[in-house]
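If you read the protein sequences in the order shown, they are chains A and B.
Each residue of the first sequence is one higher than the one before, counting from 1 in my numbering.
Each residue of the second sequence is one higher than the one before, counting from 1001 in my numbering.
Written out below as C-alpha cells is the structure these notes cover.
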Amino acid sequence: MVEETKYMSVTLGEYDPQLWSCLNCFCGLCLESCPAYRELKNEVTSARGLSQICLAIRSGEIKLLEIPDKVLYACVGCRWCETVCSMNAPFYIKRHGTRRTKVSGTTMVEILRSMKIEQGGKVPKEISTAGRNLAKFGNPYGEGGKVKNDWVRSLDLPSKNGDTILYTGSMVPYEDNSRKMAEAIVAIFKVGQLKFTMLGSEERDSGAFLRMMGAEGLFFEMVKNNIEVFKRHNINNIICLSPHDYDAFRHYYEDLGNMGIMHYTQVLYEMIENGRITFTKKINKRVTYHDPCYLGRQNDIYDEPRKILRSIPGVQLVEMEKSKETAMCCGGGGTGLFLELPNFHIDKARADQIKAVNPDSVAVSCPNCYQMLDAAIKSRNYNIEVKDIAQLVMEAL
Amino acid sequence: MEVIPMEAVQSFINEVSKKLEADQISTDMPTRIAYRAAHGPETLLHEDMIDFTPAIVVRPRSTEDVIEIVKLANEYEIPIVPQGGRTGSYGAEGMQGCVVLDFANMNKVLNLNEKSYRITAQAGIRLKDYIRFLEERGYVSLEYPTMAWTSTLGARAAVAGYNKFENTWGGSAVNTKGIEVVLANGDVVQLGRGSPIPTKNVTGFDLMSMFLGSKGTFGVITALTEQFIDKPAKTIYGVWAFKKIEDATEAYIELTSSKYTGVMWRAKTYHKMRIGRMMEVMENKVWPDDVEMVTDYNLFGEPKVVEAMEEIAIDIMKKHNGFWRNDIPSTTEIAQKHHEVMGKYIGMGSLFSDRIVDGGMGYKLVPLDPMVPHSTLVEAYRAIIKQLEKIEDGESYPALTGKLFVFDPGAAVPGELGYTKLWVVLNANWKLWNNETRKAFKDWFREYAELVWSYGAALTGTHGFIPSDMRTEILKKEVGEKEYELMKTIKKALDPKNIMNPKIRF
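Encoded structure:
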C-alpha cells in the first residue's frame, strides 16, 4: 500500500477495504452510542448501515442522488463509531490508522457528501448557503471582513506582537457565544502577558466545516489560502479557539512544517501551571465538563480542561456518565450547526445528560458545543448556565 | 428462493402504514439495504445480496404493534424476520420481500423482583443496558455474551445464546424463565416452564423450551423474564501453559467436572495459533513454539471458597504438566489482551488478514463450534484439526485455497456438564468467493459433519454455522427422520402459512 498522508482526500473506491471490513465483521459496536442512530432508531445512519449503502452504490444497486438527506446528513461526525469499531481496534489501524484506513461513518458521509456535490446533487439549502458564504467570505454567515477587523481593533492588541496567533475561526465574532468565549481568552492572555496577535479578516475558516459538508474542492482552496496567510505573517504558533480548527490544522494541513498548534485550553493550563495567571476569587459552583468530540476522542485532550476547572477555587467538578472517550456529541458537528433534521435533537439529549448530574454550570471548550448546548438547555428550561472554560477562569481572576 | 408477489407486499405495506406511525416504517432502499446482512457467514454462500433484502423495516413500540404487524403479515403471507443485534451465526439476515422487525423501540425493563431474582424486560433491550441495570443494583446478569454491546435480550432467547459463566449457570436456555410470544395467528401467549413465571408445574409440558433457540420460526418474542444472581464477593483468574493438547484438554476437563461447578464459573483452552497471533500483533511478542496450548479458569464466590478452589485448580494444572515460563507473556497480559480482543470478538476477522498488515480488508468469520462429549474430546480435537488442514493443503479442496483459512482450530468452552463447545473459527476472504468456492465449502462441510458425528458430537454448540440449503439434510441426519417430521408437524401447526422466519428451513 502506498504510504499516505492524513490530509488526503479519499474516494469510495479507495475506501473499499474499509467498507468490506465492516460488512465482514458486522459487530454493530458503532450503534450503541451513535447519536444519529440514537435519535432516529434507524441503522441506516450508523457506520454499519452506511458501509452497506456505500457498497450498494459501488455495485450500482442504488444511486447516490436517490439517497434521502436524513441518511447523508444525519451523521454529526462525532467519530464514536471510529473509536469503538472492532475493525479499527486490532492493531495496525490503532497504531497507524488514517482517514483512509479507519472504518468511520464520518469518513463515509464525507465521501458521499462530496460525491453528491460532484454529481450536481441538490444539497440542502442551509448547507449550500453556509458553504457559499465560507467560500466567499471565509465564514458561514456571509459577513464581510469589516466586522471582524473592527472587533479585533476593539480588543486593543499591540499591532506586532510575536509569531503566535490566536486563531478564533469563522464563528467569531459573528455568533454571540463564540465572541464572548474569544473575548475571555483574549482577556486572560492579556493578564498573563502572553505575546500573541490576531489576523482579523485575513483569518478565514480552516476548512473543517467544508470537509464535513463534502466541499472538498473548497476545502483545499481554504487550506492553500490559510497556509499562504500564515507564511506571509511569519506565524510559527497557532492557538486555536475551536477544536475543529485544531483538528484540521493537525490532521489535514500538509505544509505547516514545524508550526506549533495548540488548543487554547492547553495554553491556559500552562499559564496556570507556570503562575502567569493566579486566581483571586472563589467560584462556588458545581460544574460539569462537556468534552468536544474533536478535542477529546479525535485528539485525546481530556486532562487539561479538567485540570483548569479543578484549579479554580470553589469549583466542584462532576463527571457526566458519558464523558471523556464516551462523551456524546452536542449535535453541532458535521453539518449539525447549520441543518436541522426533523425529529433529530441530539443537543437536547445531551442537555438531559447534563441535567442528570445537576450542575450549576456546564463548561465547554468549543464554539459549536457552546452554541448548541446553550440553545438546548434554554429550550429545556433547565436552570443551568453554559460557560466556556475561559469565562469561568476569567471570573476567578 | 420463493418470490413474494409484489401485489401482496404492496398491500401489506399499505395496511401496516395505516396501523403504525410513519416513523415506525421504512420502505426506502437505503434502509432496506441497511437491514439485510448479519454477522453470520450465510451471505458468503449467495451470489447476490438481493436475496436478503427486505421489502419493509418496521419498528414496533409495543406488543400490540407486533400483533398488528403479524396479523397483516399472516393475511398477506409476508415472511417475518425478527432482528436483534444481528451478531449471531445465522438466522438474523433478511430475506427478499420480507418484513424485518427491529425492536430498537422496545427496550424497557418492565419489572424487577429482587427477592425472587427475576427481571422482566422488553425484547429489544441491549444487553449492555440490561447488564448495567443489574450491576447498578449489585447483581450479575446471567446473559453475558461476548457481543453484549450489540446483542438484544430477545435475541438471546431466540438463539438460545451462550453465557460466559455457563459452566456454573448455563446459557440463555437455562436462564430464561418466561417469554411473551406473538404467534403467527396474532395470539399472544405467556410461556414459562409449565406456567408463565414459576419454573415447575405439575401439569402441562414445557412449551417455552420449544421456542428457545427456534430463531423466530414459531413466533415473535416480545418480552422475557430472566433470572439473575448476586454479585460474587471475589474473583480469581489463572492461566497455565501446556506443551501438549492432550494435557491442556485433560486439565480443562477436570476443572469443569461436577465437583467444582459452583465456583468454577468458566474455564477455557486456547490454541497457540490464535493466542500467539494475538500476542504478536498486540504486544510484539513471539509466542514460544513449544507451548501448544494454554488453559485458564475464572473462579467466583465467597473469598474463602475461591481461595481454597484456587489451590485445587493449581494442583490440577500441575498434575497435567501445566507450567509457566518467563518467555510466555504474563498472566495479566494474556488476561487483559484477550479480554480486550474478546470484547470485540468479531473484529478477530482482522487478525490474519491484510488489515493487520497494511490496513486492508478484514475477513469474515465462519464459526463451526461442535458440541463434543468429554469422553471423546481429545481424540475429536486431533481429528478436527486434521480435517481443518484439508482447507489449506491446496490438494484436498483446491477451490478453497487462498479463500478460506483456519483462524482457530478450537478453543474448548464448557457446554452442559460433561460436554464442551469446541470453538472452531475459519476466516473467509469474501470478495474472492465464487460458486466453485461455495460448492467446495459445502463438500468440505459434509465431510466435517460426518467426522463430528463419528465422535458422538453435535454440529452446533455456541455458534455452529450450517449453510441454509444444507440444513434439512443435516437436521435429518443429526436428529433423525422421525424427529425431523415431528418438528415439521409442530411448525405447521403453529405457522401453517410458513411466514415466521421461513429461511430457517425445516
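Quick reminder that beta carbons are idealized off the backbone N, C-alpha and C, glycines included.
Keep in mind that this is a model prediction, so the values were computed, not measured.
**Study point:** Cβ of G28(A) within 7 Å of any chain B Cβ
**Key:** yes
Checklist line | Cross-strand partners of Y1270(B) (DSSP beta bridge) | finding: V1294(B)
Is the separation between the beta-carbon of L268(A) and that of D205(A) shorter than 7 Å?
no
Would G1347(B) count as contacting chain A if we go by Cβ distances under 7 Å?
yes
- Query: Taking Cβ to Cβ, would you say A1148(B) is nearer than 7 Å to G1213(B)?
  - Reply: no
Start-end ranges of the alpha helix (DSSP H) lying completely within the segment 1083–1139 of chain B, minimum 4 residues
1127–1135
>> Would K41(A) pass as an interface residue toward chain B - the criterion being a Cβ-Cβ separation below 7 Å?
In response: yes
(request) Using a Cβ cut-off of 7 Å (strictly closer), state whether A1022(B) contacts chain A. (result) no
When the cut-off is 7 Å and only beta carbons count, does T101(A) lie next to chain B?
yes
Beta carbon proximity, P1145(B) to chain A, threshold 7 Å: no
Taking the beta carbon of K387(A) as the centre, do at least 16 other beta carbons fall within 10 Å, making it buried, or is it exposed? buried
query: Apart from the five residues on each side of it in sequence, which residues of its chain come closer than 8 Å, Cβ to Cβ, to I400(A)?
result: Summary: the structure shown does not reach residue 400(A), with chain A confined to residues 1 through 397, and so no result is reported for it.
message: For chain B, check one thing: does any of its Cβ atoms lie closer than 7 Å to the Cβ of K6(A)?
response: Unreliable placement is indicated for K6(A), whose pLDDT of 47 sits below 50; no coordinate value is reported for it.
(message) Does M1(A) pass the burial test, meaning 16 or more other C-beta atoms within 10 Å, or should it be called exposed?
(response) Low confidence applies here, because M1(A) scores a pLDDT of 35, under 50, leaving its location unreliable; read the following figure in that light. Label assigned to M1(A): exposed.
Check whether Y1144(B) and N1163(B) have beta carbons under 7 Å apart: yes
- Using a Cβ-Cβ cut-off of 8 Å (strictly less than) and excluding sequence neighbours within five positions of G1216(B), which residues of its own chain qualify? I1080, V1081, P1082, G1091, A1158, M1500, N1501, I1504
message = Output needed for D1327(B): all residues of its chain with C-beta closer than 8 Å, excluding positions within five of it in sequence on either side, in chain order.
response = P1288
| query | K1108(B) versus chain A: which residues are under 7 Å apart at the beta carbon? | reply | Correct list: empty, because the minimum Cβ distance to chain A is about 14 Å.
Worksheet entry | Span separating the alpha-carbon of G314(A) from that of L1255(B) | 56 Å
- Message: Considering only their Cβ atoms, is the gap separating N161(A) from D374(A) smaller than 7 Å?
- Response: no
Same chain, Cβ closer than 6 Å to H1463(B), neighbours up to 5 away in sequence not counted: S1089, P1367, D1369
_On the DSSP bridge list, what partners appear for V1189(B)?_
V1181(B)
_M372(A) and D347(A) - do their beta-carbons sit closer together than 7 Å?_
yes
Going by other Cβ atoms of all chains shown within 10 Å of its Cβ, with 16 needed for buried, is Y310(A) buried or exposed?
Note that residue 310(A) is Arg in the sequence shown, not Tyr. Result: exposed.
query = Residues bridged to Q1227(B) by DSSP?
reply = R1118(B)
Checklist entry - By a C-beta neighbour count over all protein chains shown, 10 Å radius and 16 as the cutoff for buried, is V1003(B) buried or exposed? => result exposed
Assumed close pair L166(A), V191(A) - CB separation to whole angstroms, cut-off 8 Å:
Going by Cβ atoms, the distance from L166(A) to V191(A) rounds to 14 Å, so no, they are not a contact pair.
Buried or exposed by the 16-neighbour rule on C-beta atoms within 10 Å, applied to V71(A) | buried
**OP:** Output the boundary residues of the alpha helix (DSSP H) element that contains L1365(B).
**Re:** Unbroken run through L1365(B) is the beta strand (DSSP E), 1364–1367; no alpha helix (DSSP H).
Determine, using beta carbons only, whether G260(A) and N237(A) come nearer to each other than 7 Å. yes
With F1211(B) as the anchor, note down where its alpha helix (DSSP H) starts and where it stops.
1207–1211
Worksheet item: Are there 16 or more other CB atoms within 10 angstroms of the CB of E3(A), so buried, or fewer, so exposed?
Response: Unreliable positioning characterises E3(A) in this predicted model, as indicated by a pLDDT of 42, which lies under 50. A coordinate reading is not provided.
(request) List the endpoints of the continuous beta strand (DSSP E) containing S1172(B). (result) Where S1172(B) is concerned, there is no enclosing beta strand (DSSP E), although the alpha helix (DSSP H) it sits in stretches over 1172–1175.
Express the C-alpha separation of K1268(B) and W1240(B) in angstroms, rounding to a whole number. 11 Å
**Q.** Interface partners of H1046(B) on chain A, CB under 7 Å
**A.** By Cβ distance, chain A contributes nothing, its closest Cβ being about 13 Å from H1046(B), past 7 Å.
task: Hey, could you find the ends of the alpha helix (DSSP H) F219(A) is sitting in?
output: 216–232
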